[in-house]
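Following: one structure in structure tokens, then a few remarks.
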Amino acid sequence: MDSPRALDVLPLLQERLAELPGARDRRGGPVLFFPATPRRERAKPEDYRRLLQYLLSIPCEEQRELGFAVVIDMRGSTWSTVKPILKVLQEHCNALIHVAYIIKPDNFWQKQRTSLASHKYKFETCLIGLDALPKSIDTSQLTLDLDGSLIYDHAHWIEMRLALEDFLWQAADLLDRLDDLQEDLSRGDLADDLAGAKAALDLHNEMKKKILKAPVEEVDLVGQRLLQRLSGEGGPSGYDSGYSGRDSEASSGTTNPDLQACVPDILQHLEAGRTAQQQLLSLWAHKKARLDQCFQLRLFEQDCDKMLDWICRNREVFLSNYVEIGHSYQLAQQLQEEHNHFTANSMNAFININRVLGAASRLLETGHYAANRIRHVAGRLERAWKEFAAGLDERNAVLSLSVMFHHKAEQYVESTPAWSQACEVGNAPSDISELEAAIHSHQSLYEAMCQAYTEVYESYQSLLDGLDRMVILRHSQQSPPFCACHHKGEGPSYEGSRGSGGGNPAADYSEGAGHVLNVIHQILNHHRALEQRWHSNKIKLHQRLALRLFQGDVKQVLDWLDNHGEVFLCKNTGIGRSLAKARVYQKSHEHFERVAQNTYTNAEKLLTAAEELAQTGECKADEIYSVARQLETRVASFAARVEERRHRLDLAVAFYQKDKEFCSWLDSLRQAVAAGEEEVAAETLEAAERLLEQGDQQREQTLAACNSTIAHGESLVQELR
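Going by full-length UniProt numbering, the sequence shown opens with residue 1, and the numbers climb by one from there.
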């Protein structure tokens with residue numbers, strides 16, 4: 001504590017050179033007493049300065065601002081012993097002094113000397129008798145030796161001041177220690193590694209022991225006892241945060257207001273100690289959680305580093321033969337089995353990585369202070385594993401494609417001799433159904449060969465695409481940012497030593513792609529040879545079938561002419577005896593001509609096909625031409641007979657139509673002539689001439705119609721003959 005303490009001036013207090021019993025003058029200002037004592041003769045100005053520095057600091061600031069009333073008892077003393085007191089008051093604390101009351105000494109000369117010398121000070125001095133002192137200070141505020149009623153025990157006052165100041169010193173020291181602990185706890189330094197984080201946790205646990213060992217309870221007990229003594233009551237429970245010094249003063253007339261004014265400070269220190277300890281424990285718990293998070297973070301980072309190091313080492317193992325695909329079905333299968341074994345062992349690491357990533361998620365869910373750091377590290381680990389797993393998947397896919405490609409390629413090569421033999425037709429059958437079955441079987445053979453070749457080619461393209469992706473992966477992982485090492489270490493690895501050690505990616509790709517291209521070129525040569533052989537035999541089968549079909553179609557045409565055409569012409573020879581019958585025959589014949597037109601069209605197609613077949617050289621041209629000429633002659637003869645019958649039917653219909661029209665004309669003319677005979681003869685010459693002219697016209701028209709009908713009849717008779 002910076003302010004003076006009673007312990008510092010204890011000898012001076014015990015000599016009772018000055019007293020501060022807590023009295024107040026009528027203004028309410030504090031009263032400082034200098035009782036008459038023979039010890040004044042031994043006191044030095046420095047003693048008074050030190051003593052006054054302590055006593056004047058006791059009242060509160062509000063009381064000190066009112067100014068002190070100083071009472072100096074000169075009874076039985078001389079001016080030489082009082083003068084040092086006034087001089088010290090003048091030089092060191094005159095601003096705090098309101099008035100100095102000097103009680104008149106018994107000696108006359110001392111009175112005169114004091115009266116003359118006491119007017120030169122900056123503060124007011126008053127030489128006053130003891131009986132006049134109550135005018136300025138009530139007797140209740142004067143001690144018994146000044147004829148007052150204020151009960152004051154100086155030894156008890158010293159004891160109380162010592163106890164009070166000792167408590168305040170202990171409380172302040174406790175708060176300082178707690179502040180130091182708080183400062184230590186407030187440091188935000190966090191360890192950068194796991195060992196440092198563990199050490200920080202151990203140190204923090206020791207810090208809690210220090211907090212709990214802080215004498216808060218002891219200081220609190222001292223304070224409660226001090227409050228009991230100040231209250232004069234049975235226990236400390238009367239002094240809580242609602243304590244009022246004024247109420248205590250009202251309950252006890254001997255209560256020292258300066259001491260009572262310290263009660264709030266005591267309570268404040270008690271509360272501050274308890275609060276500080278609770279705050280420290282809360283701060284400790286908060287920092288404990290933060291240190292736990294730091295420890296978890298460093299542990300998480302250590303696990304991530306281990307997993308990243310594992311990925312780095314096994315990545316090098318993986319890249320040692322990552323583009324090797326094998327040169328046969330058996331070697332490709334062996335590589336695939338080794339890769340599956342490597343991948344299965346890698347899944348153990350995947351379990352650990354998932355555990356680490358799960359820990360990261362749990363840390364983030366708890367609101368970790370380094371959430372961004374955790375996301376960054378976890379994201380780096382996750383990306384590293386995904387890249388590694390993607391490489392495993394790509395290689396697995398490539399090896400699967402290699403196994404499938406080599407398997408299908410070897411199957412194709414093994415099937416080539418059987419396919420080549422199956423392409424040969426030999427002696428083709430003569431029956432059309434057998435020929436069609438042979439052609440269908442021949443086509444199925446071609447489709448099977450093409451399907452096998454397509455499967456080989458598609459697997460070849462997929463394998464090349466897979467190799468492309470593997471090379472791209474190799475370039476992207478040439479120097480991955482997560483990998484701090486490039487050495488081969490522990491962990492699952494491939495058996496054997498076929499790998500190239502991760503050499504030139506372009507060279508690795510060229511080797512695998514070149515082998516695949518050689519295989520596909522070999523397959524392509526086989527396929528072209530098979531296609532050529534198959535195509536030549538396909539032509540033979542189709543030409544043989546075309547000849548048989550041509551012969552069959554010609555036979556069908558001739559059969560139709562014999563069984564339908566000739567029968568129709570022989571059966572339908574008449575032309576009808578009336579217009580209606582002739583028209584029925586005419587329509588029947590037109591329908592027959594439409595049906596026969598299909599036969600004519602088929603015949604024309606057959607003649608064209610005959611020409612093509614004759615030119616292929618696969619069939620005998622004379623035989624084809626003979627059949628074609630026979631067909632052509634027969635169809636032409638039949639068509640001419642059909643045309644003749646159609647012409648006769650047309651003439652018959654035309655004759656019967658003319659005859660009908662002529663008969664109708666005669667009937668209408670007879671009716672007109674009969675009607676004219678009943679009319680009155682023409683009354684004028686012009687009318688008679690018109691009638692004659694009309695009759696001549698009708699006669700000429702009748703003769704013309706009759707001649708036309710006769711001509712059609714003669715033409716029809718001539719055609720029939």
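C-beta: ideal position from N, C-alpha, C; glycine also. All values reported here derive from a predicted model rather than from experimental measurement.
In angstroms, rounded to a whole number, what distance separates the CA positions of residue i and residue j?
{"i": "L299", "j": "L281", "result": "26 Å"}
{"i": "D265", "j": "L226", "result": "12 Å"}
{"i": "G574", "j": "L666", "result": "29 Å"}
{"i": "A171", "j": "C262", "result": "13 Å"}
{"i": "E686", "j": "E693", "result": "10 Å"}
{"i": "R690", "j": "Q697", "result": "11 Å"}
{"i": "Y600", "j": "D559", "result": "13 Å"}
{"i": "residue 722", "j": "L357", "result": "There is simply no residue 722 to check, as the chain begins at 1 and stops at 721 in what is shown."}
{"i": "V88", "j": "R187", "result": "49 Å"}
{"i": "G223", "j": "Q260", "result": "14 Å"}
{"i": "F592", "j": "Q615", "result": "35 Å"}
{"i": "T81", "j": "D173", "result": "40 Å"}
{"i": "D192", "j": "T366", "result": "21 Å"}
{"i": "H534", "j": "Y446", "result": "It should be noted that the sequence gives Trp, not His, for residue 534. About 7 Å."}
{"i": "S328", "j": "E424", "result": "31 Å"}
{"i": "E65", "j": "R42", "result": "32 Å"}
{"i": "Q182", "j": "F167", "result": "22 Å"}
{"i": "L401", "j": "A389", "result": "18 Å"}
{"i": "S637", "j": "V653", "result": "25 Å"}
{"i": "L364", "j": "W310", "result": "25 Å"}
{"i": "H442", "j": "L530", "result": "12 Å"}
What do you get for residue i, buried or exposed, if any count of 16 or more other CB atoms within 10 angstroms of its CB means buried?
{"i": "H527", "result": "buried"}
{"i": "C93", "result": "buried"}
{"i": "A344", "result": "exposed"}
{"i": "G582", "result": "Per the sequence presented here, residue 582 reads as Ala, with Gly not at that position. Under this definition A582 is a buried residue."}
{"i": "W419", "result": "buried"}
{"i": "Y239", "result": "Because the pLDDT at Y239 is just 40, under 50, the model does not fix this residue reliably, and the point stays unresolved."}
{"i": "R383", "result": "exposed"}
{"i": "H368", "result": "buried"}
{"i": "A100", "result": "buried"}
{"i": "W169", "result": "exposed"}
{"i": "Q293", "result": "buried"}
{"i": "L20", "result": "buried"}
{"i": "A628", "result": "buried"}
Between residue i and residue j, how many whole angstroms is the CB-CB distance? I'm expecting something under 8 Å.
{"i": "I58", "j": "D258", "result": "5 Å"}
{"i": "S346", "j": "N314", "result": "7 Å"}
{"i": "Y48", "j": "V9", "result": "With a Cβ gap of about 10 Å, Y48 and V9 do not count as contacting."}
{"i": "G273", "j": "V216", "result": "5 Å"}
{"i": "F655", "j": "L606", "result": "F655 to L606, Cβ: 39 Å. No contact."}
{"i": "L381", "j": "I353", "result": "6 Å"}
{"i": "K287", "j": "L201", "result": "Their Cβ separation, rounded to whole angstroms, is 10 Å, which puts K287 and L201 out of contact at 8 Å."}
Which class does residue i belong to by DSSP, given the choice of helix, strand or coil?
{"i": "G501", "result": "Low per-residue confidence applies at G501: pLDDT is 41, beneath 50, and the placement is therefore not dependable, though the value from the model is reported in the following sentence. Three-state result, G501: coil."}
{"i": "Q214", "result": "Just to set this straight, residue 214 is Ala in the shown sequence, not Gln. It is coil, neither helix nor strand."}
{"i": "residue 724", "result": "No answer is possible for residue 724: the residues shown for the chain start at 1 and end at 721."}
{"i": "E382", "result": "helix"}
{"i": "E324", "result": "coil"}
{"i": "A448", "result": "helix"}
{"i": "V635", "result": "helix"}
{"i": "I575", "result": "coil"}
{"i": "Y121", "result": "coil"}
{"i": "A621", "result": "helix"}
{"i": "R528", "result": "helix"}
{"i": "R27", "result": "coil"}
How far does the beta strand (DSSP E) with residue i in it reach, from first residue to last?
{"i": "E19", "result": "First-last for E19: undefined, no H or E at that position."}
{"i": "Q34", "result": "Per the sequence shown, the amino acid found at residue 34 is Phe instead of Gln. Segment V31 to F34, the beta strand (DSSP E) holding F34."}
{"i": "F68", "result": "F68 to D73"}
{"i": "T125", "result": "E124 to I128"}
{"i": "Y585", "result": "Where Y585 is concerned, there is no enclosing beta strand (DSSP E), although the alpha helix (DSSP H) it sits in stretches over L579 to T616."}
{"i": "V88", "result": "It is not in any beta strand (DSSP E) - V88 instead sits in the alpha helix (DSSP H) that spans W79 to H92."}
{"i": "I103", "result": "I97 to I103"}
Would you mind reading off the limits of the alpha helix (DSSP H) that contains residue i?
{"i": "Y329", "result": "Y329 to E365"}
{"i": "L51", "result": "P45 to L55"}
{"i": "H156", "result": "H154 to S186"}
{"i": "I151", "result": "Per DSSP, I151 belongs to no alpha helix (DSSP H) and is neither H nor E."}
{"i": "P317", "result": "Per the sequence presented here, residue 317 reads as Val, with Pro not at that position. Taken as a continuous stretch (DSSP letters only), the alpha helix (DSSP H) holding V317 covers V263 to L319."}
{"i": "L144", "result": "Unbroken run through L144: none, as it is neither H nor E."}
{"i": "P257", "result": "P257 to Q260"}
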